[in-house]
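220 is the number that our numbering gives to position 197 of the sequence shown; each next residue is one higher, with no gaps.
Every residue gets a Cβ at the ideal spot worked out from N, C-alpha and C, and that includes glycine.
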Amino acid sequence: MRKIPALVVTVGLLASMTACSTTAGPGSTGCPPTGDAASVVTATGDFGAKPDVDVPTPIVTKKTEVSTLIQGDGQRLVDGTPVVINYTLFDGTTGQELEDSGYDGSTNVPLTVGGQTLAPLVDALDCSTVGSRVAVAVKASDLSASINGAASTPNDDPDAAYVAVVDVKRAFLAKADGALQLGANGLPAVVTAPDGAPGITIPAGDAPTGEVVHLVRKGHGTTLTADDTAVVQFTAVTWSQPSTVAGSTWTNGGSATPVDLGDAQIPDDIRSALVGQQVGSQVMVVLPASADSGGSAYVYVFDVLGAIR
Numbered sequence: 024m025r026k027i028p029a030l031v032v033t034v035g036l037l038a039s040m041t042a043c044s045t046t047a048g049p050g051s052t053g054c055p056p057t058g059d060a061a062s063v064v065t066a067t068g069d070f071g072a073k074p075d076v077d078v079p080t081p082i083v084t085k086k087t088e089v090s091t092l093i094q095g096d097g098q099r100l101v102d103g104t105p106v107v108i109n110y111t112l113f114d115g116t117t118g119q120e121l122e123d124s125g126y127d128g129s130t131n132v133p134l135t136v137g138g139q140t141l142a143p144l145v146d147a148l149d150c151s152t153v154g155s156r157v158a159v160a161v162k163a164s165d166l167s168a169s170i171n172g173a174a175s176t177p178n179d180d181p182d183a184a185y186v187a188v189v190d191v192k193r194a195f196l197a198k199a200d201g202a203l204q205l206g207a208n209g210l211p212a213v214v215t216a217p218d219g220a221p222g223i224t225i226p227a228g229d230a231p232t233g234e235v236v237h238l239v240r241k242g243h244g245t246t247l248t249a250d251d252t253a254v255v256q257f258t259a260v261t262w263s264q265p266s267t268v269a270g271s272t273w274t275n276g277g278s279a280t281p282v283d284l285g286d287a288q289i290p291d292d293i294r295s296a297l298v299g300q301q302v303g304s305q306v307m308v309v310l311p312a313s314a315d316s317g318g319s320a321y322v323y324v325f326d327v328l329g330a331i332r
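Next comes the structure, spelled out in structure tokens:
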């Protein structure tokens, strides 16, 4: 099996070189319904601070339900939107608090609507807006696989619920939205699906012998610096086997990934390719064959969705 360049390992992506790497995650199914299980939950306190929550017990539900406690006026979330949240999670049977995300500003890891992490809790935010506080009731059995610690074992009641109060702090682009740029002779062509996932077509001929960075779409947002954490989606293929995905966030449940550009584990060639790019850009990076890559040239396509600083 070929070795995968360090970035694939660094951001915890798929390292399989077989077709099974293209299995998609669960995905969001649209705006969740309101309902009694969520609407009985109340919370007081400022947005962004840990709320005082009242959970009447027991709460049971057969499906995910939401209730908006504070209506924000920011970006509307859709399937594929990376989002930064604060949340507090409760046992719907006992009302006991199980865990929280922390409210000190140190938790900035984006989760993705329609992704795998904390699904279906994050999927319940579909159609919410930044600045909103939302009460969510989910079946314990649906959420348990994504929760660690005390919340990992669902109640014996098949309709037992977990209840969360979620503050939607920030959202990023769901896909690169910059202006298309002209292609370049001898470089791969990139086409995108409606959700933004790229398809990569390798031209005839040998791969470049040096690194090549080509702007597929030019964004108009914040310019990345070496001190930023870039929020990205990306796909990687080899020049010699482009039909096999070497690693992809798009096919790993569609979850955007934070890349700390100041982290020494990030390869220098990837860092230099991303620093200076604007949010909204789609960037193709061709890395020549090397011993570290198992003798294969790699093609990456990055969607730059946001910057955390």
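Contact defined as beta carbons within less than 8 angstroms: I believe Val260 pairs with Ala249. What is the distance between those atoms, to the nearest angstrom?
Not quite, the Cβ-Cβ distance comes to about 27 angstroms (not below 8 angstroms), so this is no contact.
Please tell me whether Val322 and Val306 are closer than 8 angstroms, where the distance is taken between their beta carbons.
For Val322 and Val306, no; Cβs fall outside 8 angstroms.
Which residues in the same chain as Ile225 place their Cβ atom closer than 8 angstroms to its Cβ, once the five residues preceding and following it in sequence are excluded?
For Ile225, the CB contacts under 8 angstroms within the same chain, skipping 5 residues up- and downstream, are Pro211, Val260, Trp262, Pro265, Val322 in chain order.
State the Cα-Cα distance for the pair Phe257 and Ala158, rounded to the nearest angstrom.
Going from the Cα of Phe257 to the Cα of Ala158 covers about 32 angstroms.
Check the DSSP bridge columns for Ile333 and list the partner residues they point to.
Residue 333 lies beyond the range of the chain shown here (24 to 332); nothing can be said about it.
Helix, strand or coil at Ala253 according to DSSP, with G and I counted as helix:
For Ala253, the secondary structure class from DSSP, reduced to helix, strand or coil, is strand.
Reference Arg294, options Asp102, Leu141, Ser90, Asp283, closest by Cα
Nearest C-alpha to Arg294: Asp283.
Name the DSSP beta bridge partners of Phe113, please?
For Phe113, which the question treats as bridged, DSSP gives the partners Glu120, Val186.
Kindly indicate which residue of Gly209, Ala147, Gly318 has the alpha-carbon position closest to the one of Gly103.
Measuring from the Cα of Gly103, the nearest candidate turns out to be Ala147.
If you run the structure through DSSP and keep just helix, strand and coil, what is Asp291?
In this structure, Asp291 counts as helix in the three-state DSSP scheme.
Between the alpha carbons of Gly318 and Val309, how many angstroms are there, rounded?
If I take the Cα positions, the gap works out to 14 angstroms.
From Ala163 to Ala199, what does the alpha carbon distance come to, in whole angstroms?
Going from the Cα of Ala163 to the Cα of Ala199 covers about 35 angstroms.
Return helix, strand or coil for Ala296, following the three-state DSSP convention.
Helix, per DSSP.
Cβ-Cβ separation, Gly244 to Ser155 (assumed contact under 8 angstroms), whole Å:
Approximately 23 angstroms separates the beta-carbon atoms of Ser155 and Gly244; this is outside 8 angstroms, ruling out the contact.
Rank Val254, Ala279, Pro133, Ser313 by C-alpha distance to the C-alpha of Val298 and give the top, closest one.
Comparing Cα-Cα distances from Val298 to each of Val254, Ala279, Pro133, Ser313, the minimum goes to Val254.
As a quick exercise: from Arg193, Ile331, Gly233, pick the residue whose alpha carbon is nearest that of Leu247.
Leu247 has its Cα closest to that of Ile331, out of Arg193, Ile331, Gly233.
Taking Asp75 as part of the alpha helix (DSSP H), name the residues at either end of that continuous run.
No alpha helix (DSSP H) holds Asp75; the beta strand (DSSP E) holding it covers 75-77.
Thinking Ala216 and Pro105 are a contact (beta carbons under 8 angstroms), I'd like their distance in whole angstroms, please.
Wrong, their Cβ atoms sit about 18 angstroms apart, outside the cutoff.
When we look at the beta-carbon of Lys192 and count the other beta-carbons within 10 Å, is it buried (16 or more) or exposed?
Looking at its Cβ environment, which holds 16 or more other Cβ atoms inside 10 Å, Lys192 is buried.
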